[in-house]
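Undergrad: Numbering (my numbering), first residue to last: 1 to 242.
Attaching a single structure in structure tokens format; questions to follow.
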């Protein structure tokens with residue numbers, strides 16, 4: 001047991017070991033507490049692709065005074081169907097890599113955790129077998145494990161795509177929000193995306209929304225959910241007056 005601890009916390013493996021511990025604590029904390037950490041964000045993403053993947057992205061998400069909570073970050077997901085849009089500029093190489101290795105199409109933290117664990121496993125085993133976990137040669141195995149671990153992660157996570165596709169971000173069966181009222185959390189107009197809060201059976205839910213007819217809807221105004229977008233990533237809403 002002591003030898004395993006020494007290998008895991010050796011100079012080569014200690015970074016990945018600490019990262020694994022932090023990820024385990026993260027998942028335990030979110031499962032037990034369910035606490036959200038609100039973050040004010042202003043995101044403007046507009047990317048496109050002209051590659052063999054035949055994927056395009058046109059996401060314009062400017063959120064004024066919006067709130068992107070901790071679970072939103074952990075479950076950030078962009079599907080291949082969601083990245084087909086107007087052609088403006090090609091995806092950068094790192095964006096294509098994220099798509100290819102399933103960091104897009106699955107909750108980001110799920111794929112990231114799988115990758116770190118597999119990378120840690122590859123590095124720990126290889127340095128243990130070669131007794132290089134405490135010398136410079138071990139760092140070659142550390143860096144060399146990046147690509148194999150990514151490939152294994154892609155193979156391992158691919159079957160989960162169909163599973164997550166049928167769930168909402170909280171892992172439950174999707175809730176029908178059409179016709180429900182909510183409160184806008186950011187000013188939106190035209191094609192601008194924002195966030196809104198909807199209370200379902202006493203539980204507040206954060207969703208992404210766009211104005212149905214392009215009219216301006218101001219922060220903290222009551223809204224009515226009209227329909228869901230074709231890519232199922234946001235809802236079209238209009239202002240609601242009693």
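In this text, a Cβ means the ideal position worked out from N, Cα and C, and glycines have one as well.
For the beta strand (DSSP E) containing residue 185, name the first residue and the last one.
TA: Unbroken run through residue 185: none, as it is neither H nor E.
Undergrad: By the 10 Å Cβ neighbour count, where 16 or more other Cβ atoms means buried, how is residue 20 classified, buried or exposed?
TA: Counting Cβ neighbours within 10 Å, residue 20 comes out buried, since at least 16 surround it.
Undergrad: At which residues does the beta strand (DSSP E) containing residue 95 begin and terminate?
TA: No beta strand (DSSP E) contains residue 95, which is instead part of the alpha helix (DSSP H) from 93–100.
Undergrad: If we ignore side chains and look at the alpha-carbon of each, how far apart do residue 119 and residue 131 end up?
TA: Distance between the alpha carbons of residue 119 and residue 131 is about 18 Å.
Undergrad: How far does the alpha helix (DSSP H) with residue 26 in it reach, from first residue to last?
TA: Run containing residue 26: 14–33, per the alpha helix (DSSP H) assignment.
Undergrad: Might you give, ordered along the chain, the residues of its own chain that have their beta carbon closer than 7 Å to the beta carbon of residue 149, omitting 5 neighbours on each side?
TA: If we look at residue 149 and ignore the five residues flanking it on each side, its Cβ neighbours are 115, 118, 119 and 122.
Undergrad: With C-beta atoms as the reference, is residue 217 less than 8 Å away from residue 195?
TA: Cβ distance not < 8 Å, so residue 217 and residue 195 don't count as in contact.
Undergrad: If you compare alpha carbons, which of 221, 211, 143 and 108 is closest to residue 262?
TA: Because the chain in this structure spans residues 1 to 242, residue 262 falls outside the shown range and cannot be described.
Undergrad: On the DSSP bridge list, what partners appear for residue 8?
TA: Beta-bridge pairing links residue 8 to no other residue.
Undergrad: Give the straight-line distance between the Cα atoms of residue 101 and residue 241, rounded to the nearest whole angstrom.
TA: Rounded to the nearest angstrom, the two C-alpha atoms are 46 Å apart.
Undergrad: I believe residue 177 touches residue 225 by the beta-carbon criterion, under 8 Å. Please report the beta-carbon distance rounded to the nearest angstrom.
TA: Their Cβ separation, rounded to whole angstroms, is 5 Å, which keeps residue 177 and residue 225 in contact under 8 Å.
Undergrad: Evaluate residue 11 with the Cβ neighbour count: other Cβ atoms within 10 Å of its Cβ, from every protein chain shown; 16 or more gives buried, anything less gives exposed.
TA: Residue 11 is exposed by the Cβ-count criterion.
Undergrad: Rounding to the nearest angstrom, what Cα-Cα distance links residue 14 and residue 7 in this structure?
TA: Rounded to the nearest angstrom, the two C-alpha atoms are 8 Å apart.
Undergrad: Should residue 198 go down as buried or exposed, given a rule of 16 or more other Cβ atoms within 10 Å for buried?
TA: Burial call: buried.
Undergrad: Going by DSSP in three states, residue 155 sits in which element: helix, strand or coil?
TA: Helix, per DSSP.
Undergrad: Can you give me the start and stop residues for the beta strand (DSSP E) that residue 194 sits inside?
TA: 193–200 is the span of the beta strand (DSSP E), which, as asked, contains residue 194.
Undergrad: Could you give the residue range of the alpha helix (DSSP H) that holds residue 140?
TA: 136–144 is the extent of the alpha helix (DSSP H) around residue 140.
Undergrad: Can you give me the C-alpha to C-alpha distance between residue 236 and residue 184, rounded to a whole angstrom?
TA: If I take the Cα positions, the gap works out to 12 Å.
Undergrad: According to DSSP, is residue 3 helix, strand or coil?
TA: Three-state DSSP puts residue 3 in a helix.
Undergrad: Which one or two residues does DSSP pair with residue 210 in a beta bridge?
TA: Residue 210 is bridged to 193 and 236.
Undergrad: Using the C-alpha atoms, what's the distance from residue 232 back to residue 135?
TA: Taking the straight line joining both Cα atoms gives about 50 Å.
Undergrad: Cα separation between residue 160 and residue 107?
TA: Computed Cα separation, rounded: 10 Å.
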